[in-house]
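Notes for the one structure printed next.
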Amino acid sequence: MTLAFNSIEYAVFLAAVVAVYWLLPRPWRRGCLLAASYAFYATFDWRFTPLLAATTAVHLVAGRRIAATDRPAARRGWLAAAIAFTTLVLGFFKYAGWLDVLFSRLFGLDHDLLTVALPIGISYYTFHTLSYTVDIYRREQEPTADLVGFALFVAYFPQLLSGPLTRARRMLPQFGDLPRRASPVQTVEGLELILIGLFQKVALADALAPITAAAFVDTSSAPAPDRNVLVMVLTAMAGMAQLVLDLTGYSNIARGTSKLLGIELPHNFRQPLTRSRNLQDYWRRHHLTLMAWLRDYVFRPLRDRFGTGRRAAFLIVVAVFTFSGVWHGSSAGWVVWGVLMGIGVATETALLRGLDQRRRARTDAASVSPAPRRGGLRQLRASVLCLAWLGLCAVFIRSPSLAAAASYFGGLSRFRWTAPDWDVLGTFAYVTAAVILLDRR
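Numbered as in this note's numbering, the sequence shown ends at 515 without a single skipped number.
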C-alpha cells in the first residue's frame, strides 16, 4: 500500500495523524510527526528508510563539525565529504541504468546488473540536507543540536516526495515551537488548498494523461501514427501542462496538509500557465522553491566564479538549467530539455537586455521621459512564444526516447490536416477553461 496524495488511504492516514497530533501533549507532537513521516515513507518502499536516516545523520554531523572549527581546510573538508556522500548516493540510484549500460559495453558484464529501484523523494530530501550544510559553511545558518527537529525537517511527510523545497532556517523554528492548538483559519485554508490540489491533480492533470499516453509512444516497434498537426501541437502543450498541474496539485495538497498541522510551507506556484509574460517570468512563477535553490546554490556560485560577462552569463544559465534537467530525471530527454530551456531563457534575457538598453539610449537622446511599454498584441505574441517553447521542450521529457521525440517532430513537419481528434480538442478546451477560471479566482 502506498499513500499517494490522491488516494483514499492517504485521506485516512492524514485524518488519523491530525487527530492524534492535536490530542497528544505538546512535547510529544514532534515525535508523532517524525514517526508519521517515516511510516509514510515506508509505505512506498521500507527498504530505503535507513538511507533517509543515514543522509540525515551525515549532514547533521557535518554541520556540527563545520561550525566547530575555524580552520578553512577542515571546514572545506567536511563540506566536501557531505556533498560527496549525497552526490554519490543520488547519482548511483538515479543513474544506475546508465552505468549498467556503460559497464555492460566496456566489460561485457550482464545487462541489468546495476538495475536498482529509485528511492522515492531522494531528489528533494538530498536538496534539503545540502542547503542546510552549505548554509552553515557560509555562516548563514547555525547548526542545530535538535536531532528530532532536524530529522523532521528532512523527512516531513507533506513535502518529502515532491516539495516544496524548504530551508532549515525557516522550518526548524516552526518544528521547535509547535502551536498549542489548532487554528480555525489555518484549518479552513488547509482544507481549501487540499481540495484545489485534488482538483488540479485528478480533474485536470489526470484528464490530460490519456492524451499524452497515446501521443508520446515508443517508435522502435511501430512508427508513430500520422495525426492532425493542430492536435499534435495541442498534445505537446498538454504534455507540458500535465506536468505543471501535477506539481501544482501536489504542492497545494502538501501546503494544505501542513496547515492542518499548524505548520506553514512556502508558496511554490503563482499561475505560471496563465500569467507568464515570457520565459523569464514563467520561471519566476513555476516551482519557486526549486528556482530559489538553484539560484542560491548553483547560479550564484558559478556567477561569482566566472563573472557576469555576456558569454559567461549565457553559459551559466544554460548550465543551471542543464543541472536542473539532470536532477529532474535520468533520461537523455531531460538533458536535452535542460539545454534547450537554458538556451531559450539565456537568449531571451540577452534580447530583452538589448531592447532595454536601446530604449534607454533613445530616451536619453530625446531627453524625454520613457514611454510606457506596449502591451496588447506584442505581449500576446511573447506569451505564445513562451508557451510554444515550453511545449517544444516538453516533447523531449514526455517521449520515451530521443528517437520517439524526433519522430514526433517529424510528424509536425509534415503539416498533415487529417480529421481532428475531437476527444483531444474537447479535453484540451475543458482543461484550458478550468485552469483560467481557477487561476483568476
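For every residue, glycine included, the Cβ atom is placed at its ideal position computed from N, Cα and C.
Which ranges does the alpha helix (DSSP H) cover as unbroken runs of at least 4 residues, wholly within the stretch 83-134, from first to last along the chain? 103-119
Runs of 4 residues minimum, wholly inside the stretch 326-382: which ones carry the alpha helix (DSSP H) assignment? 346-349, 353-359, 362-368 and 374-380
Using three-state DSSP, classify Ala445 as helix, strand or coil. Per-residue confidence for Ala445 stands at a pLDDT of 47, beneath the threshold of 50, marking its modelled position as unreliable; the derived number appears in the next sentence. Three-state result, Ala445: coil.
Check whether the Cβ atoms of Leu153 and Ile140 sit closer than 8 Å, and answer yes or no. yes
Between Phe373 and Phe380, what straight-line distance do the alpha-carbon atoms span, to the nearest angstrom? 10 Å
Whose CA, out of Cys460, Leu98, Phe483 and Tyr95, lies closest to the CA of Val469? Phe483
Is the Cβ-Cβ distance between Gln345 and Val419 less than 8 Å? no
So, with DSSP's three-state summary, where would you put Asp495? coil
Neighbourhood of Ala445 by C-beta distance below 7 Å, restricted to the same chain and skipping five residues each side: The pLDDT assigned to Ala445 is 47, lower than 50, so where the model puts this residue is not dependable, and the model offers no usable value.
Taking the alpha carbon of Gly533 as the point to measure from, which residue in His202, Val391 and Cys460 has its own alpha carbon closest? The structure shown does not extend to residue 533, since the chain is modelled only from 75 through 515, so no value can be given for it.
Three-state secondary structure assigned by DSSP to Gly403: coil
I need the straight-line Cα distance from Met415 to Trp408, nearest angstrom please. 10 Å
Quick check on the burial criterion: 16 or more other C-beta atoms within 10 angstroms. Buried or exposed for Phe166? exposed
Run the CB neighbour count on Trp401, radius 10 Å, all protein chains shown included, and call it buried at 16 or more, exposed below. buried
Length of the line joining the Cα atoms of Tyr504 and Asp497: 10 Å
Is the beta carbon of Pro232 less than 8 Å from the beta carbon of Ala328? yes
Which class does Ile194 belong to by DSSP, given the choice of helix, strand or coil? coil
Nearest to Asp292 by alpha carbon, out of Arg514, Ser473, Glu83 and Arg100? Ser473
With three or more C-beta pairs closer than 8 Å as the rule, is the stretch 197-214 touching the stretch 239-252? yes
Looking at Phe62: is its Cβ nearer than 8 Å to the Cβ of Ala424? For the chain, the structure presents residues 75 to 515; residue 62 sits outside this window and is missing.
DSSP-derived helix/strand/coil call for Gln316: helix
What is the rounded straight-line gap between the Cα of Ala113 and the Cα of Asp251? 23 Å
Measuring only the C-alpha atoms, how far is Phe159 from Trp367? 19 Å
Indicate the three-state DSSP secondary structure (helix, strand or coil) for Gln215 in the structure shown. coil
Given a cut-off of 8 Å, decide if Ala283 and Phe502 are closer than it, judged by their beta-carbon atoms. no
Please determine if the stretch 255-265 and the stretch 222-229 are in contact, where contact requires at least 3 C-beta pairs separated by less than 8 Å. no
Kindly give me the distance between the Cβ atoms of Leu204 and Ile157, rounded to whole angstroms, as I take these residues to be in contact under 8 Å. 7 Å
Secondary structure of Ala256, DSSP reduced to three states: coil
Answer with buried or exposed for Thr363, where buried requires no fewer than 16 other C-beta atoms within 10 angstroms of its C-beta. buried
Go ahead and pull the three-state DSSP assignment for Val291. coil
Same chain only: Cβ atoms within 7 Å of Ala191, ignoring 5 sequence neighbours per side: Asp119
Can you tell which of Thr117, Ile337, Val303 and Ser332 has the C-alpha that lies nearest to the C-alpha of Glu83? Thr117
Residue range of the unbroken alpha helix (DSSP H) whose run includes Leu246: Ala242 to Gly250
For the alpha helix (DSSP H) containing Leu235, name the first residue and the last one. Run containing Leu235: none; DSSP gives neither H nor E here.
At a cut-off of 7 Å, would you count Gly137 as near the ligand ATP, judging by its Cβ distance to the nearest heavy atom? This structure lacks the ligand ATP; in fact it carries no ligand of any kind.
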